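What follows is one structure encoded as C-alpha cells, with my remarks underneath.
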Amino acid sequence: MRLLIAALLASTVASAAVAQAPASVKNGFTLAVTGDLIGPEKPITAYGDPGTQRISKLLSGADAAFGNQEGSIFDLDKFESWPAAQNGGGTPINDAVVAFDLKTMGFKLMSLGNNHATDFGVEGLVETHRSLDAAGIVHAGTGDSLTAARAPAYVTTAKGVVGLVSFAGTYTDLSIAADANPGRGFRARPGLAPLRSRELQLVTPEQMQTLRAIAARSETPDAAKNPEVFSAAKSGEELTIGKTTFRVAEGAGLAYDLNADDRAAALASVKEARGKADLVMFSIHAHETASSDPEDVRPADYMRSLFHELIDAGADAIVRHGPHALLGVEIYKGRPIFYGMGSLMFQVGDKKRQFRGFTLPEAWYDGAVAVSEYKDGRVAAIRIHPFVQNLEDDRLVGTPRSPTHDEAQRVLKRIQAASVQFGTRIDIEGDVGVIRVGAK
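The numbering used here applies: residue 5 is where the sequence shown begins, and numbers increase by one.
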C-alpha cells in the first residue's frame, strides 16, 4: 500500500512538473492573437489601406498569428447544397479567395469552432475546410468527426511547433460533430467540438421553497409525460420548470455545469498537444457571461477554473472569443488568458451601426491584436495594439483602420479596466498597452 501511495504521489508530482514546464520555443518567439473574423466578404489587402497594412504587419511579423474565423469561406455560386435550418444569428460568407487574403495578412492558425460553423450545413463546413487548406492556414475546432474536431492542429514555425486545441461553448445544436457508429452503420458526422454546459439559476433555500409551492400548484396530470415542458423534482437541490433549472445556493446568481466528457476531452487534447508541440494554445468560442448580460465584462463562472486547469494540463496561452466587446486579460502561472479579443473583422450593420432595426454598441466596433513575446520559454511581455472598425470607406466597412490617439486610449482603457478583476496591470505607453509578465 505504501508503495502504491508513493507511486501515485510521484505520478502527481511528475504531472505537475510537466504542466509547469516552460514552452520550448526559441527566444524571441512571438504569438499574435486577435478575435472574431466576421468578414471580409471580399479580399482587402490589395487596396493598400493603412489600417489593413498595420494589422498585416503585426500578424505577419509574429511567428504565429491566430484568429477565430466566424463564417464560411467558399464561392456561393458554386455551392450545390443549402443554408442550414439553424444558423448562428446570420449567415456570414466570404469568397474562397479570401482565405488566401487572410494568409497574406499573416494568419497561420484559425479556430472554426463557433456558432457559425455550419450556417450552410456540414457541406458548407467541409468547403470552408477546403478553402483554408488550399491557402495553407491550419485550423482546429471542427473536423470530419468528433475525434477530429477535438484533436490538436499544428503549425511549424522557424522557432518552434505551435499546437492549437479549439472547442466551442456557444454553438447551434446542428453543429456538433459525431464519431462513426459501425454497429448501426452510421458514418461520422463533420462538425465542431462542443464544450456543453447547463445554465443554472441559483436561488436561496427560501426562494426554492416558494418555487416548489408554485410548482406543486401548477403541476398537471400530463407533467410526468412531458418533462421537457414541465418537470418538478420532488426532492434534492434542483427544480426544473420548462427549460430553466433552479439550484439552491447561498445567494442568487447564475452558474453553469459543464459536461464532464467534454471537459475531459479538452484537457486530454491539451495534454496530447503538450507532448508534440513547443507551445500550446487553447481557444474557445463562448458568449456566456457571469450574468448572461452580453455586456458583462465578467466571464461565466466555469471559465476561470477551466482555464486554470487547462494551463495546469499544459496550455501556454488561452484565447476566448465570442463576446463582441474587448474584455480583460489574466496572467496565471505566467501564462496569458485573453477573456475577449473583440472582432478583427465585423462586417455587421451599416456605416451608422444599424442592424435589423437596432443601433449596435460602439464598443463592438473596437478591437485589438495582442502580441506576446517569449524568453526562456515564458512570456516576457504582451503588447496590445488597438484599432477601430472602418465605418467610412464603402470598400472596407467592418475592417480594421488605424485609431486616432483618443480612440486608442479609449480602447486600451477599456481592456485595462476589465483586467482589474484578474489583478493584471496594463501600462499604456503611447497608444499601446503593455503587460510585463511577472511585474507587480
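Note that the Cβ used here is the ideal one computed from N, Cα and C, for glycine as well. Source: prediction; values computed, not measured.
Exercise for review: Going by CA-CA distance only, name the one from V323, R399, W86, K30 that's closest to A372.
Suggested key: V323
**Study point:** Coarse secondary structure for T176, derived from DSSP in three states
**Key:** coil
**Study point:** Range covered by the beta strand (DSSP E) that runs through T248
**Key:** 248 to 252
**Study point:** Sequence-distant residues of the same chain with beta carbon closer than 6 Å to H303, five excluded per side
**Key:** Strictly speaking, residue 303 in this sequence is Pro, with His absent from that position. Counting only Cβ-Cβ distances below 6 Å, and skipping sequence neighbours, we find Y343.
Check your understanding: Of the choices E203, P156, A69, whose alpha-carbon is the least far from that of V375?
Key -> A69
Practice item. Please work out which residues of its chain come closer than 6 Å, Cβ to Cβ, to D67, disregarding the five sequence neighbours upstream and downstream, and give them in chain order. Key: F33, T34, T161, K163
Check your understanding: Does DSSP put S295 in a helix, a strand or coil?
Key -> coil
Point to revise | Element boundaries [alpha helix (DSSP H), containing A268] | key: 264 to 278
Exercise for review: Return the first residue and the last residue of the alpha helix (DSSP H) that R418 is part of.
Suggested key: 409 to 423
Point to revise | Length of the line joining the Cα atoms of D320 and Q211 | key: 43 Å
Review point. In the region 36 to 98, which residue ranges form an unbroken alpha helix (DSSP H) of at least 4 residues, counting only runs that do not cross its ends?
Key: 54 to 65
Exercise for review: From the DSSP output, in three-state form, read off A25 for me.
Suggested key: coil
**Study point:** C-alpha distance - S406 paired with N72, whole-angstrom precision
**Key:** 21 Å
**Study point:** Ordered list of beta strand (DSSP E) runs contained in the region 334 to 421, each at least 3 residues
**Key:** 339 to 342, 347 to 350, 370 to 379, 382 to 393
Review point. At what residues does the beta strand (DSSP E) containing L113 begin and finish?
Key: 113 to 115
Check your understanding: Rounded to a whole number of angstroms, what is the C-alpha to C-alpha distance between V159 and L106?
Key -> 16 Å
Exercise for review: Have a look at G110 and L283 and give me their C-alpha separation to the nearest angstrom.
Suggested key: 18 Å
Check your understanding: If N119 and G93 are in contact, beta carbons under 8 Å, what's the gap, nearest whole angstrom?
Key -> 7 Å
**Study point:** Euclidean distance between Cα positions of D305 and A317
**Key:** 20 Å
Practice item. Please report the residue range of the beta strand (DSSP E) in which E242 lies. Key: 242 to 245
Check your understanding: Cβ atoms of G52 and M349: under 8 Å apart, would you say?
Key -> no
Check your understanding: So I432 packs on Q413, CB below 8 Å; how close in whole Å?
Key -> 7 Å
Point to revise | Candidates A290, P26, G346, E377, of which the one nearest P365 by Cα | key: G346
Check your understanding: What separation, rounded to the nearest whole angstrom, lies between the Cα atoms of A27 and V441?
Key -> 15 Å
Practice item. Look up L168 in the DSSP assignment and say whether it is helix, strand or coil. Key: strand
Practice item. Look at the alpha carbon of H312 and the alpha carbon of K82, and state the distance between them as a whole number of angstroms. Key: 44 Å
Review point. Are A197 and L150 touching if we call contact CB-CB under 8 Å?
Key: yes
Review point. Given that a residue counts as buried once 16 or more other Cβ atoms are within 10 Å of its Cβ, and exposed if not, what is Q218?
Key: Looking at the sequence provided, one finds Ile at residue 218 rather than Gln. It counts as exposed.
Check your understanding: Given that a residue counts as buried once 16 or more other Cβ atoms are within 10 Å of its Cβ, and exposed if not, what is H328?
Key -> buried
Check your understanding: With E411 and V392 assumed to form a contact (beta carbons below 8 Å), what rounded beta-carbon distance in angstroms separates them?
Key -> 5 Å
Check your understanding: Under 8 Å, do S511 and I48 count as touching if we go by C-beta distance?
Key -> Residue 511 cannot be examined here, being either before or after the span of the chain that is shown, 5 to 444.
Check your understanding: What three-state label does DSSP hand F124 in the structure shown?
Key -> coil
**Study point:** Buried/exposed call for G437, threshold 16 Cβ in 10 Å
**Key:** buried
Point to revise | Distance CB(M307)-CB(L168) smaller than 8 Å | key: no
Review point. Can the beta-carbon of A281 be found closer than 8 Å to that of V166?
Key: yes
**Study point:** Neighbourhood of F190 by C-beta distance below 7 Å, restricted to the same chain and skipping five residues each side
**Key:** A184
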